[in-house]
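Chemist: Numbering (UniProt numbering), first residue to last: 1 to 96.
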């Protein structure tokens with residue numbers, strides 16, 4: 001099971017990273033906080049202070065168009081916000 005699926009790179013999360021040393025990841029739905037902490041520490045070589053997780057449900061939407069009804073659905077996912085120790089950071093923009 002791959003714990004970390006991908007990092008979240010949005011304006012809000014990037015600002016949190018600069019100000020409060022917090023970074024966001026989309027993680028496996030079955031992963032708990034302890035597993036997420038170990039995976040981030042192993043992947044990026046940093047020490048994690050705290051982990052907050054959020055489960056997002058799948059949203060359904062229906063659009064009425066000229067050609068008829070179009071139904072769609074977004075995927076459900078789990079998001080983790082990881083706070084690092086002061087002085088440490090993760091740089092997603094360099095390929096090392």
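All C-beta atoms, glycine included, are put in the ideal place defined by N, C-alpha and C.
(1) If I measure Cβ to Cβ from residue 59 and keep anything under 6 Å in the same chain, skipping five residues before and after, which residues do I get?
(2) Between 50, 89, 65 and 69, which lies nearest to residue 81 when the distance is taken from Cα to Cα?
(3) So, under 8 Å CB-CB, residue 79 and residue 44 are touching, yes? Tell me the CB distance rounded to an integer number of Å.
(4) Measuring CB to CB, does residue 48 end up less than 7 Å from residue 30?
(5) Would you report the Cα separation of residue 39 and residue 3, rounded to the nearest angstrom?
Modeler: Considering the structure as presented:
(1) Once the five neighbours on either side are set aside, the close Cβ partners of residue 59 are 74.
(2) Cα-wise, what sits closest to residue 81 is 50.
(3) That belief does not hold up - the Cβ atoms of residue 79 and residue 44 are roughly 17 Å apart, past 8 Å.
(4) Going by C-beta atoms, residue 48 is not nearer than 7 Å to residue 30.
(5) Distance from the CA of residue 39 to the CA of residue 3, rounded to the nearest whole angstrom, comes to 7 Å.
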